[in-house]
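The structure under discussion appears below in the form of structure tokens.
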Amino acid sequence: MATRTVTRTCPLCEATCGLEITLEDEAVKVIRGDRNNPFSNGFICPKGTTLGKLHDDPDRVRTPLIKRDGVFEEASWEEALAEIERRLVPLLDGDAVAMYVGNPNAHGFHNLLAIRPLAKALGTRNIYTAATVDQMPKHVSSGYMFGHPAAIPVPDIDRTDYLLILGANPLESNGSLASAPDWPGRLEALQERGARLVVIDPRRTKTAELADEHIRIRPSADAAWLASLIHVLFAEGLVGEDLVPVAGLDDLRAAVDGFSPEATSTFTGIDSETTRRVAREVATARTACVYGRIGTHTVEFGTLASWAVDVLNVLTANLDRPGGAMFPLALHEPPRRRSRPFRQGRFHSRVRNLPETIGELPVATMADEILTEGTGQVRALITIAGNPVLTTPDAARLDQALDSLEFMVSVDVYVNETSRRADVILPGRSALEKSHYDLSFTGLSVRNYAMYSEQIFDHEGLSEFEAIVALTGIAAGMGAQADPAKLAEAALVSRVQSAVADPESAIHGRDVDEILGMLSNWPVAERFVDLMIRTGWAGDGFGARPDGMTLELLAASPHGIDFGPLESRISDVVTTASGKVELAPEPIISDLARLASAVSEHREGGLVLVGRRELRSNNSWLHNTEVLVRGRHRCTLHVHPADAKRANVEDGDDVAVTSRVGSLTATVEVTDSVMEGVVCLPYGWGHDMAGSRLSVASQRPGVNTNVLTDPVPLDPLSGNAVLNGIPVELSRPA
């Protein structure tokens, strides 16, 4: 029996844990945490153990599928691409073809490298991603404050003395927009060294249970409460003296004048003295950090909350400071960000006139664009590793919209609730059939760290990268017969040409053929990464720095390389016109009036729905894995005992939950883990739709909470959907 052990990065969430995988006769025997990984130190969660089961899943799509007479049939790659060319090309007219990009694309590098050229080739403005049901408010606030939408500070949790968490549950999510293996161990270590952990959340989450203090807040009220903290800093002279260079301090002071703790207490549900105490604690701690995540983003004031989090870190002199909020430096990034003024609204959606942000439109309006007739109507859709029928607003209407399309292509590993509507499915690859390098999450890591993992198993047919490149060739008029490898090679040549022509590049003025020759030992997708690393802050500059990094050196360190704790680098990050952190950007300050109106008009009463994340779930993607879904029924509606009594329901009862746009029936779980007036369902369930092929998930389908999500209310600054704080009513099922 042949046995070997390999290491790799787990790609299933943002934690980027190192794994040790033992294979026997080229089959996965066991997966453990890699104790030699300098970042994760052997930590692993239940999801990480399942990569072998996901690879072997009999429901996984392994060959292209073409729908004929309503039934999927296996096809060759040549047949599938020819069918796409035949039916997609006639629809390439203006914005008639849309593209939806799902969350899993961020968990690696292949698809990220290939998707943008596809969008350009399609020539459409109808680009949608999971960002507008997730983190888009943080991109917008970062763009306005720091000049770049990817300049996102993360909590330096390993060195802070005070951590204030809002709308995040890293003990279940493993962290987000703050990549760190073993959040439980890191938070326990934080407390053991005498630091304080405070959690603000309408639910008593696992993170809240661990905290030194848990303060309940009404859903959607985070921005108002954070504005009150800022108000207290000014009112009590608690603004720090050693601030990073800032602009707009006086404008900020005036803008929050009306948000005293007394003025917001009814709206937030937090008494004024608690608010003042927390503001003082954050301001006077030796080091402190405020960290807000999805619960503060997927609400109607998401961008204001994202902005206020960073304003607090600035005003307490904790931005760009060890123990505060700091800017990671990914291995492939240049030492300084380029100055490109942040702009929004370069174009707008056809139906609702919603502005674009970083090149995409709010996914909440995708169904409108499909269903509304007229010039520019979406007639075809490409989805890549996405399941918007379960994860985006007014899901039932979107499902109907997909059924009305003239043509749809999905690149996916499953026939799921979305791809079941496709006319052609191109198979994705299991994580073990792909090499791995994090283009996204090393730029959000709480330490400067990098790792490259080779693919473990070979595969037949095109890779995902090659499949997306093939789609690009079809959209660009090169036909289904074009060789994806040659198309990718041409794109690489163009990338090198741009780099040598760029005065700021590490290889400015060099010979293009020389650079290409030095990249030649890698597959083409890896060559893009090697180019980025070698021209990055620690790169060898293709020989200019003999001791610099290359992809080859990174690959020679199978446990990854720790480049040390985060370092102060604000001058290399901020690219605003003023060269300073903008505390009072006009669009954000103007939106405070909307928040003030909501505070003054607030009335008690009624139930609102919020979502929850769970350690064994990954949005909608892991429910077909038996080891992760077995046990107790987890897709339940959490109801506070007082609300259950008013609705005359008991634990285990079925109850109808109704919003403005939809209704579903869920099983009640009575618990005081939710605050009174709040009910809670998990995201990503609803696996009972005809036509999907998820044999395990269909046995425990749960309910799709996004049947209840209203697509009309949005955070206007970012276009982000409002997934939390949805008004609902409970009643006995008919």
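Per the working numbering, the sequence shown starts with residue -10, numbered consecutively.
Ideal Cβ positions, reconstructed from N, Cα and C, are used throughout, including at glycine.
Computed from a predicted structure; not experimentally measured.
Is it buried or exposed, residue 67, if we count other Cβ atoms within 10 angstroms and call 16 or more buried?
Result: exposed.
Using the rule of at least 16 other Cβ atoms within 10 Å of the residue's Cβ for burial, across every protein chain shown, is residue 287 buried or exposed?
Buried is the call here.
Just the C-alpha distance for residue 268 and residue 489, rounded to the nearest angstrom, thanks.
Roughly 50 angstroms separates the two Cα atoms.
Kindly list the residues whose CB is nearer than 6 angstroms to the CB of residue 370, restricted to its own chain and excluding five residues on each side of it in sequence; keep chain order.
Excluding residues within five positions, the ones whose Cβ falls inside 6 angstroms are 87, 394, 397.
Between which two residues does the beta strand (DSSP E) carrying residue -3 extend?
If you look at residue -3, you'll find it in the beta strand (DSSP E) that goes -8 to -2.
Looking at C-beta atoms only, is the number of pairs between the stretch 215 to 229 and the stretch 191 to 201 that lie closer than 8 angstroms three or more?
Touching, no.
In three-state DSSP terms, what is residue 281?
In this structure, residue 281 counts as strand in the three-state DSSP scheme.
Under 8 angstroms Cβ to Cβ from residue 687, same chain only, skipping five residues before and after it: list those, please.
For residue 687, where only same-chain residues beyond five positions count, the Cβ hits under 8 angstroms are 676, 677, 681.
So, with DSSP's three-state summary, where would you put residue 506?
In the structure shown, residue 506 adopts helical secondary structure according to DSSP, grouped into three states.
Is the stretch 453 to 463 in contact with the stretch 330 to 342, if contact means three or more CB pairs nearer than 8 angstroms?
Judged by pairs of C-beta atoms under 8 angstroms, the stretch 453 to 463 does not touch the stretch 330 to 342, as fewer than three such pairs exist.
Between the CA atoms of residue 330 and residue 584 - distance to the nearest angstrom
Computed Cα separation, rounded: 27 angstroms.
8 angstroms Cβ cutoff met for residue 306 and residue 226:
In this structure, the beta-carbon distance from residue 306 to residue 226 does not fall below 8 angstroms.
So the candidates are 723, 105, 607; which of them puts its Cα closest to the Cα of residue 35?
Looking at the Cα atoms, 607 is the closest of the given residues.
Can you tell me whether DSSP reads residue 671 as helix, strand or coil?
In the structure shown, residue 671 sits in a strand (DSSP, three-state: E or B).
Touching or not, the stretch 473 to 485 and the stretch 107 to 123, by the rule of three or more beta carbon pairs under 8 angstroms?
Between the stretch 473 to 485 and the stretch 107 to 123 there are fewer than three C-beta pairs closer than 8 angstroms, too few to call the two in contact.
8 angstroms Cβ cutoff met for residue 653 and residue 646:
Between residue 653 and residue 646, the CB-CB gap stays under 8 angstroms.
Helix, strand or coil, according to DSSP, for residue 403 in the structure here?
Under the three-state reduction of DSSP, residue 403 is assigned to coil, being neither helix nor strand.
Alpha carbon to alpha carbon, how far is residue 333 from residue 346?
Computed Cα separation, rounded: 5 angstroms.
At which residues does the beta strand (DSSP E) containing residue 154 begin and terminate?
Where residue 154 is concerned, the enclosing beta strand (DSSP E) stretches over 151 to 155.
According to DSSP, residue 416 sits in a beta bridge with which residue or residues?
Per DSSP, 401.
Using the Cβ count rule (16 or more neighbours within 10 Å means buried), how would you classify residue 243?
Exposed, by the Cβ-count rule.
Assign residue 733 to one of three DSSP states: helix, strand, or coil.
With the chain covering only -10 through 723, there is no way to say anything about residue 733.
Does DSSP classify residue 161 as helix, strand or coil?
Of the three classes helix, strand and coil, the one that applies to residue 161 here is helix, per DSSP.
Using three-state DSSP, classify residue 315 as helix, strand or coil.
Residue state for residue 315 is assigned as strand, using DSSP reduced to three classes.
Out of 180, 164, 537, 500, state which residue places its alpha-carbon closest to the alpha-carbon of residue 148.
Out of 180, 164, 537, 500, the CA that lies nearest to the CA of residue 148 is found in 180.
Is residue 312 near residue 273, with beta carbons less than 8 angstroms apart?
Going by C-beta atoms, residue 312 is not nearer than 8 angstroms to residue 273.
Just list the beta strand (DSSP E) runs in the stretch 617 to 680, keeping only unbroken ones of 3 residues or longer that don't cross its boundaries, in chain order.
Fully enclosed beta strand (DSSP E) runs of 3 or longer: 626 to 628, 643 to 647, 652 to 659, 667 to 671.
Sequence ranges, beta strand (DSSP E) only - wholly within the stretch 578 to 624, length at least 3:
Taken in chain order, the whole beta strand (DSSP E) runs of length 3 or more contained in the stretch 578 to 624 are 596 to 601.
Should residue 161 be labelled buried (16 or more other beta-carbon atoms within 10 Å of its own) or exposed?
That one is buried.
What distance in whole Å lies between the Cβ atoms of residue 483 and residue 796, which are believed to be in contact at a cut-off of 8 angstroms?
A query on residue 796 cannot be resolved here, the shown segment of the chain reaching from -10 to 723 and no further.
Identity of the residues DSSP links to residue 36 by a beta bridge
According to DSSP, which records beta bridges pairwise, residue 36 is partnered with nothing at all.
What span of residues does the alpha helix (DSSP H) with residue 552 cover, start to end?
Run containing residue 552: none in the alpha helix (DSSP H); it sits in the beta strand (DSSP E), 550 to 554.
May I ask you to verify whether the stretch 127 to 143 touches the stretch 251 to 270, counting CB pairs closer than 8 angstroms and requiring at least 3?
At 8 angstroms Cβ cutoff, the stretches do not touch.
Hey, how far is the Cα of residue 558 from the Cα of residue 281?
In this structure, the CA atom of residue 558 is about 22 angstroms from the CA atom of residue 281.
Can you tell me which residues form a DSSP beta bridge with residue 396?
Per DSSP, the beta bridge partners of residue 396 are 369.
What residue from -10, 4, -1 has the CA that sits closest to residue 432's CA?
Shortest Cα-Cα distance from residue 432 to any of -10, 4, -1 involves 4.
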